[in-house]
Each structure stands twice: as structure tokens, then as C-alpha cells.
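The next block holds one structure in the form of C-alpha cells; read it before the comments.
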Amino acid sequence: MIKITLPDGAVREYPKGSTALDVAKSISEGLARKVLAANVNGEVWDATRPIDNDATLKLLTWQDDTGKSTFWHSSAHLLAEAVEATFPGVKFWVGPAIDKGFYYDMDLDGRSISEEDLEKLEKKMNELAKKNSQYLRKEMSKDSAIQYFTEKGDEYKLDLLGGLKDGDITFYTQGDFTDLCRGPHIPHTGFIKAIKLTNIAGAYWKNDANNKQLTRIYGVTFPSKQELDEYLQMLEEAKKRDHRKLGKELGIYTMDDDVGPGLPLWMPNGTIIIEELEQLAKETENDAGYKRVVTPHIAKESMYLTSGHLPYYADSMFPAMELDGTKYYLKAMNCPHHHKIFDAEPRSYKDMPLRLAEYGTCYRYEQSGELFGLMRVRCLHMNDAHIYCSKEQFADEFRAVNSMYLKYFKIFGIDKYVMRLSLHDPEKLGQKYINEPELWIETEEMVRQVLIESNIPFVEVAGEGAFYGPKIDVQIWSAIGREFTLATNQVDFAQGRRFNLSYTNKDNAPEVPLIIHRAPLGTHERFIGFLLEHYAGKLPTWLAPMQVKILPISDKYMDYAKSILNSLKKADIRAEIDDRSEKIGKKIRDTELMKVPYMLVVGEKEMTEQQVSVRRQGKGDLGAKSVESFVNELIGEIKERRGE
RNA sequence: GCCGUUGUAGCUCAGUGGUAGAGCACUUCCUUGGUAAGGAAGAGGUCGUGAGUUCAAUUCUCAUCAACGGCUCCA
Numbered sequence: 006m007i008k009i010t011l012p013d014g015a016v017r018e019y020p021k022g023s024t025a026l027d028v029a030k031s032i033s034e035g036l037a038r039k040v041l042a043a044n045v046n047g048e049v050w051d052a053t054r055p056i057d058n059d060a061t062l063k064l065l066t067w068q069d070d071t072g073k074s075t076f077w078h079s080s081a082h083l084l085a086e087a088v089e090a091t092f093p094g095v096k097f098w099v100g101p102a103i104d105k106g107f108y109y110d111m112d113l114d115g116r117s118i119s120e121e122d123l124e125k126l127e128k129k130m131n132e133l134a135k136k137n138s139q140y141l142r143k144e145m146s147k148d149s150a151i152q153y154f155t156e157k158g159d160e161y162k163l164d165l166l167g168g169l170k171d172g173d174i175t176f177y178t179q180g181d182f183t184d185l186c187r188g189p190h191i192p193h194t195g196f197i198k199a200i201k202l203t204n205i206a207g208a209y210w211k212n213d214a215n216n217k218q219l220t221r222i223y224g225v226t227f228p229s230k231q232e233l234d235e236y237l238q239m240l241e242e243a244k245k246r247d248h249r250k251l252g253k254e255l256g257i258y259t260m261d262d263d264v265g266p267g268l269p270l271w272m273p274n275g276t277i278i279i280e281e282l283e284q285l286a287k288e289t290e291n292d293a294g295y296k297r298v299v300t301p302h303i304a305k306e307s308m309y310l311t312s313g314h315l316p317y318y319a320d321s322m323f324p325a326m327e328l329d330g331t332k333y334y335l336k337a338m339n340c341p342h343h344h345k346i347f348d349a350e351p352r353s354y355k356d357m358p359l360r361l362a363e364y365g366t367c368y369r370y371e372q373s374g375e376l377f378g379l380m381r382v383r384c385l386h387m388n389d390a391h392i393y394c395s396k397e398q399f400a401d402e403f404r405a406v407n408s409m410y411l412k413y414f415k416i417f418g419i420d421k422y423v424m425r426l427s428l429h430d431p432e433k434l435g436q437k438y439i440n441e442p443e444l445w446i447e448t449e450e451m452v453r454q455v456l457i458e459s460n461i462p463f464v465e466v467a468g469e470g471a472f473y474g475p476k477i478d479v480q481i482w483s484a485i486g487r488e489f490t491l492a493t494n495q496v497d498f499a500q501g502r503r504f505n506l507s508y509t510n511k512d513n514a515p516e517v518p519l520i521i522h523r524a525p526l527g528t529h530e531r532f533i534g535f536l537l538e539h540y541a542g543k544l545p546t547w548l549a550p551m552q553v554k555i556l557p558i559s560d561k562y563m564d565y566a567k568s569i570l571n572s573l574k575k576a577d578i579r580a581e582i583d584d585r586s587e588k589i590g591k592k593i594r595d596t597e598l599m600k601v602p603y604m605l606v607v608g609e610k611e612m613t614e615q616q617v618s619v620r621r622q623g624k625g626d627l628g629a630k631s632v633e634s635f636v637n638e639l640i641g642e643i644k645e646r647r648g649e
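Using the numbering used here, the letters of the first sequence map in sequence onto residues 6 to 649.
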């Protein structure tokens with residue numbers, strides 16, 4: 006007998022070789038029908054795998070993240086089974102579970118798969134799922150595994166085997182499909198009740214653009230039809246808050262073929278948002294001791310050679326223009342310009358830290374396939390600043406930048422983000438990263454300490470640093486789930502020396518400053534794209550392009566409406582009268598759809614009592630009040646940049 | 001840049017080898033109506049662009065541009 010300890014602390018005895026499924030059955034049949042996998046001594050196992058020793062056990066169902074990912078991983082195998090049955094000879098690479106669903110990468114050997122094929126595959130998968138085929142686990146020696154795949158001529162699985170140790174190799178078979186796989190898997194295919202293959206995409210083998218491109222099929226599955234429907238419904242909802250759709254509907258920005266891809270034209274409504282954000286940034290940066298600067302959009306090649314950008318990023322800069330034998334580049338970043346401002350005057354430790362801020366216009370020749378609405382563009386306005394400081398001042402400055410982020414996030418109610426400490430990749434020193442291994446480790450540790458001391462939760466990722474130093478990135482997700490860096494706070498131990506920057510320290514000796522690059526609001530483009538999605542277009546009043554719409558019941562009240570408009574304008578409130586000869590219901594509907602925060606309905610009653618009937622977008626009628634008190638309250642809401 | 005899909009009116013979308021249609025938006029007129037769509041009439045498109053096949057192309061083929069879904073990239 007073996008002792009099984011359950012999550013509630015209960016210890017039960019079972020015969021040696023019992024499975025998690027046996028344990029579930031001993032608790033209840035209903036539970037047994039829901040068990041997808043099991044956590045055995047901290048490791049995720051098949052629910053059908055025999056347990057030979059005492060163990061702690063947690064049964065995993067659809068309610069557990071690992072239960073879900075096991076379900077989706079098994080679904081990927083089911084997809085592969087369907088593909089193999091439909092397109093014989095296909096070679097498979099890997100098929101993992103992802104955040105929402107799964108994919109499988111495969112080499113179709115020159116064939117291509119269409120949307121119609123996806124439907125066929127879905128059908129086949131449903132057919133195969135109904136067979137309730139068990140996922141059978143089998144251990145195999147490395148040699149026989151190599152033999153197996155050599156006979157099959159499967160170079161992909163052989164490649165996978167190369168990275169595995171003898172003794173770690175397991176195979177899983179369900180129905181007619183066998184795959185090299187670490188597992189675990191759900192008990193049988195019958196759990197998979199609802200299947201949706203979402204899209205087909207190309208994906209480079211081993212994520213390397215130099216390798217062959219495989220075909221990737223994405224899908225998502227559920228234990229019930231209802232959950233799939235709910236998921237599809239949710240996707241529809243997400244599309245409604247896509248900034249590209251809202252940007253068009255609300256007149257924020259437009260793109261034009263004649264202007265060029267990735268070059269947004271900001272319309273009047275979008276420009277208002279930009280100006281409000283800049284105002285916020287100016288106020289915040291003034292308070293934090295920043296000084297504003299303005300620099301040109303172009304600079305000579307020599308400067309980007311000095312900075313070291315050109316060797317790393319020439320491909321993603323617009324090609325140089327040549328004038329009088331000198332090459333000029335459109336600037337892709339503001340830092341070198343700012344360094345030149347630092348260098349324009351002799352600096353002493355008394356000037357430090359020196360904080361130079363600019364909403365600088367940058368141009369980056371992003372790859373065509375990467376352009377994405379406002380989130381990834383070729384002309385961008387960075388909420389940029391560079392802080393020049395001593396090593397001693399670094400921690401305080403870095404911390405202050407982080408708290409500026411958090412201050413902004415509070416204003417905008419941003420809570421769904423991940424702070425990422427982006428480090429260098431030691432293998433790419435000298436290629437992607439400046440070859441200063443000790444400095445890397447030293448500064449990375451400085452940044453890590455600041456994060457830990459400030460109690461900011463973060464994840465560490467190697468290979469995401471800037472070429473000149475480590476950074477903290479704030480990662481966010483677009484409505485459709487694509488990940489972006491919203492804000493960034495970077496340490497730069499390289500450019501100071503490259504530009505020969507120095508200040509005189511207390512001992513009258515020259516010293517190279519450390520530089521912090523920071524962009525807490527990222528770029529206008531990405532930030533506004535993000536905000537549109539974040540607020541689903543319902544911007545807080547201080548940001549809303551139109552803040553108040555006055556809706557007269559009929560033309561008779563137009564003069565009264567105009568007097569209200571005057572009071573609003575005097576208070577610098579963005580307002581307008583809907584003077585169309587439409588019924589009030591129509592005016593309200595149109596204003597609601599344009600997501601104007603406040604509507605003032607005025608008619609006979611309001612005019613006699615010198616009031617306005619206030620209607621809040623999305624909330625409905627708030628009742629009548631005097632014009633004066635409405636204006637005063639609104640001024641407060643706008644000044645304090647209140648969210649709701 | 002790569003793989004795949006798409007491209008018809010301002011927007012959302014029908015449709016056809018014989019030079020195009022709906023709803024909303026727009027314009028004009030009627031209507032002056034109390035909290036999410038009042039009525040009528042009208043205007044609007046060389047069907048992304050270029051070439052080829054054909055008596056004839058918006059429709060078929062190719063190229064190109066752009067957008068979309070991914071991959072790669074992201075100072």
C-alpha cells in the first residue's frame with residue numbers, strides 16, 4: 006500500500022500502482038469524470054499513470070491552469086492525428102499549449118492548407134475525439150527512438166531527440182497517431198467536446214528567420230460546446246475595442262496609401278488627446294525636475310556611428326539622404342541628440358542629475374509585416390527623456406522613474422501589465438550587445454536591487470535588453486491579445502563613454518555619467534492605441550476630444566443652448582451643440598455612439614428653471630442641475646483627471 | 001522581410017464573364033419631437049493599381065501595392 010496525501014491534508018491508503026484516476030474514483034465518480042491530469046509530488050502526470058510510492062497528489066481539472074494546458078496539449082496531438090490522416094507524409098515539429106489554446110507546427114512538404122481544409126480538419130478531429138482513444142504513455146530508450154524516427158525519415162523529431170537524455174524519452178499514442186512527447190496528457194480524446202481551428206500561419210523552424218518556414222495551425226478546444234461559444238463571443242467583444250476600429254469610428258487617426266504604411270495622420274480628435282497627454286507629461290516632468298529640449302528630426306551619419314546605433318539598427322532606419330557628400334539620417338531615437346546637449350556645456354557634479362525631456366519625433370523603418378494600427382508605426386513621438394547622473398545617484402533616479410510610471414498607471418487605471426527586467430544574452434555579446442560582460446552584470450544587479458527594494462513584482466527575461474544596457478519594460482496586451490512594450494526604463498553604461506561625456510566630480514576629476522533612458526508613456530501612437538482599447542473608446546473626460554454635447558429638444562431652445570455653450574467655453578470645456586433637426590432620441594443615440602462623456606438635454610423645463618438635464622455616457626439620465634454647478638463639478642473632474 | 005488570407009460607396013457588407021446593389025452615414029425637403037434610430041427624395045463607385053486571356057473582365061490569370069492573421073524583428 007502507498008500513502009497519498011491530498012491537498013486538504015487528508016492521507017489515504019491505496020494499493021501500489023494506483024493512478025490519480027483511481028484516487029478520484031474513490032472520492033466520487035463525478036470527480037473522476039472531470040480529472041484531466043494530476044500533480045504528483047509537484048510534477049504534472051497523466052491521471053492514468055501508476056503511482057508506486059507515497060505521494061502528495063492534487064487532481065487537476067479544467068479549473069486548473071495546468072489542467073487546461075494539458076487539455077490543449079492533448080488537443081494539439083488530436084490535431085496532428087487529424088492532419089496525418091488527411092495529409093499523409095506530413096512531418097511534425099512541436100505542438101504546445103499556449104495561453105489560449107494550442108498550435109502545431111508542421112512541414113507540409115510544399116503543400117499548403119486553406120481555410121476550407123481547416124473545416125475539414127475540425128470535422129476529422131471531432132470524429133476522432135468521439136472514439137475516446139486513450140493517450141498511451143510509453144518509455145523508450147534513446148537508441149530505439151532514434152531508430153524509429155530514422156526509419157520514418159523524420160529529421161524534425163530526430164532533432165528534438167538530440168536534445169534529450171536517455172531515460173527521459175517518452176512516446177504517446179492515441180488512435181493511429183504516435184508522437185515523441187514529454188506529456189502529460191488527458192485520459193482520452195473524448196474529453197474534447199468543442200473544437201475550433203482558428204488560423205493558419207507560417208512560423209520559422211526554431212523561431213529563427215534563417216530556417217525553413219513551417220506551417221502552424223492554431224486552435225482552441227473546450228470540454229463543452231457552451232464554453233467554446235462563450236469564447237467566440239468574447240473574441241467578438243474584444244474586436245469591438247480594437248483601437249483600429251475605434252480610431253476610425255471616433256475620428257482619432259487615419260492612414261492613407263499615398264502617405265505611406267505606418268504613417269498615421271492624426272485627425273483633430275486624436276490631436277486633442279495628444280495635447281492632453283503632453284500637458285500631463287509636462288506637468289509631471291516639471292515637478293520631477295526635468296528640463297524640456299527640442300532637437301531636429303535628422304542628424305549626420307557620424308553621430309549614429311558615435312552612438313553605436315548604426316551598426317545595430319541600420320536596417321530599421323530610413324535610408325540616408327546624401328547632401329554635399331554627407332549622409333543624414335532621419336532620427337530613430339532622441340538619445341544622441343540629447344547627449345550632444347549634455348556635451349554642449351561643461352558639466353559639474355552640481356548640475357547632476359541632469360534630466361532632459363522631449364516629445365521627440367522618431368522614424369523607424371519597421372518591417373512591413375510588423376506594422377499594426379497605432380501600436381507599431383514608422384513615425385512615432387516618444388515621451389522621451391534622458392537622465393545623466395552619477396553612480397551614487399543612480400538608484401534614486403531609477404526609483405523615481407519607476408514611481409513616475411506607477412503614478413501614470415494610477416491616473417489611467419492601468420493594472421493589467423507585467424514589469425519585465427530585460428537582460429542581455431551572454432552568447433550575443435559583441436553582436437547584439439555591447440561587449441562589456443562585467444558592466445552588464447553590475448548594472449543588471451543595480452536594476453534588480455531597485456526593483457526588489459521598491460517591492461515591484463517583475464519577471465526576468467534574458468535577451469531582451471537594449472544594446473547599451475538592461476531595462477525595465479512594461480508589457481501590455483492589445484485587445485486581440487498581441488503583446489507590446491508600453492513603457493521602458495533603461496540603463497545605459499555605454500553611450501556616455503562613446504560620446505566622451507563627462508562632468509567634473511567633487512575631487513575635480515572628470516567622470517562619465519550613467520544615463521537613464523526612459524519613456525513612461527511610451528509613444529503617443531502606442532499609448533493612445535492602448536488607451537482606446539483600455540477604455541473601450543470611453544475616454545475619461547479630461548482626455549475626451551468632445552467633453553460635452555448640448556442637445557436641445559427643439560430649435561426653440563437653440564438660444565438657451567448657445568448661452569450654455571458660452572459658459573462651457575469660458576471654462577475651457579470642449580463642447581458643441583447638436584443643432585440638427587432630429588428628435589432627442591436620435592441625438593442621444595448618436596452622441597452615445599461617439600462616446601461623448603456628458604450630454605446636456607435642454608428644453609422648456611430647463612430653460613424656465615435655468616438648468617440643464619445631465620446625461621452621462623453609458624450611464625443615462627443623472628437629473629437636472631444648474632449650469633453653474635454642472636460646470637464647477639466638471640472643471641473639478643477635468644482638473645483632477647478623474648477616471649470615472 | 002517570410003507564410004497565409006483579403007481588397008466592391010465614407011462605414012459594414014451582398015453580387016456578377018455582358019461596364020454594379022443593400023443598410024447606415026451624407027445632401028435637400030417635411031417634421032419641432034423629452035432621454036439610444038421620425039418620414040420622403042437625392043447624390044455618391046472607371047469594383048486597390050498595372051498587365052494578360054477573351055468579342056467582352058469588377059468577375060479568370062499574373063504582377064504590384066495595401067490591409068488583416070501569424071512568424072521574425074523592435075534602440
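For every residue, glycine included, the Cβ atom is placed at its ideal position computed from N, Cα and C.
Gly115 and Asp184 have their C-alpha atoms roughly 22 Å apart.
Linking Gln398 to Asp112 through their CA atoms gives a straight-line distance of about 54 Å.
The beta carbon of Ile640 is closer than 6 Å to those of Ala576 in its chain, skipping five residues each way along the sequence. Bridge partners of Tyr109 according to DSSP: Ile222.
Checking the DSSP bridge columns, you'll see Met387 partnered with Gly365 and Thr528.
Linking Tyr334 to Asp51 through their CA atoms gives a straight-line distance of about 58 Å.
Cβ neighbours of Arg523 within its own chain (closer than 6 Å, five residues either side excluded): Ala390, Val406 and Asn494. By the neighbour-count criterion, in which a residue is buried when 16 or more other Cβ atoms sit within 10 angstroms of its Cβ, Ser307 is exposed. For Thr490, no alpha helix (DSSP H) encloses it; the enclosing beta strand (DSSP E) starts and ends at Glu488 to Asp497. One thing to note: Phe76 has its Cβ no nearer than 7 Å to the Cβ of Ile174. Using a C-beta cut-off of 8 Å, the region 230 to 249 makes contact with the region 475 to 495, since at least three inter-stretch Cβ pairs fall below that distance. No Cβ-Cβ contact shorter than 7 Å links Thr596 with Lys561.
Going by beta carbons, Gly534 and Gly378 fall inside the 7 Å limit. Between Glu649 and the set Lys543, Asp626, Val452 and Val632, the nearest pair of CA atoms involves Lys543. Here the region 246 to 263 does not lie against the region 199 to 218, with fewer than 3 beta-carbon pairs under 8 Å apart. When the beta-carbon positions are compared, Glu288 and Pro358 stay at least 7 Å from each other. Gln139 is bridged by DSSP to His193. In the assembly as shown, Leu328 is an exposed residue. Its beta-carbon has fewer than 16 other beta-carbons within 10 Å.
Secondary structure note for Ala85: its alpha helix (DSSP H) is the uninterrupted segment Asp70 to Thr91. In this structure Ser427 touches Val466 by the C-beta definition: roughly 6 Å separates them, less than 8 Å. Asn339 counts as buried, since no fewer than 16 other beta carbons sit within 10 angstroms of its beta carbon.
Proximity to Met451 across Ala90, Gly474 and Glu363 peaks at Gly474, based on C-alpha coordinates.
Under a 10 Å Cβ-count criterion, Gly172 is classified as exposed, with fewer than 16 other Cβ atoms of the shown protein chains found around its own Cβ. DSSP lists no beta-bridge partner residue for Ala25.
The alpha helix (DSSP H) runs lying completely inside the region 297 to 360 and spanning 4 residues or more are 306 to 312, 314 to 318 and 340 to 347, given in chain order. By the Cβ rule, the region 53 to 69 does not count as touching the region 143 to 162, because fewer than three pairs are nearer than 8 Å. For Lys63, there is no enclosing alpha helix (DSSP H); the enclosing beta strand (DSSP E) covers residues Ala60 to Leu65. Of the candidates Ser149, Glu120 and Leu255, the residue whose Cα lies closest to the Cα of Tyr540 is Leu255.
Assignment of Pro515 by DSSP, reduced to helix, strand and coil, places it in the strand class.
For Tyr209, the uninterrupted beta strand (DSSP E) run begins and ends at Ala199 to Tyr209, by DSSP. By the CB criterion at 7 Å, Ser321 and Tyr370 fall inside the cutoff. DSSP links Glu144 through a beta bridge to Thr175. Shortest Cα-Cα distance from Met604 to any of Asp583, Cys367, Ala90 and Ser149 involves Asp583. Per DSSP, Asp181 lies in no alpha helix (DSSP H) segment and is marked neither H nor E. If you keep only unbroken beta strand (DSSP E) runs of at least 3 residues inside the region 456 to 482, you get 464 to 467 and 476 to 482. Annotated three-state conformation of Ser117 is coil, per DSSP.
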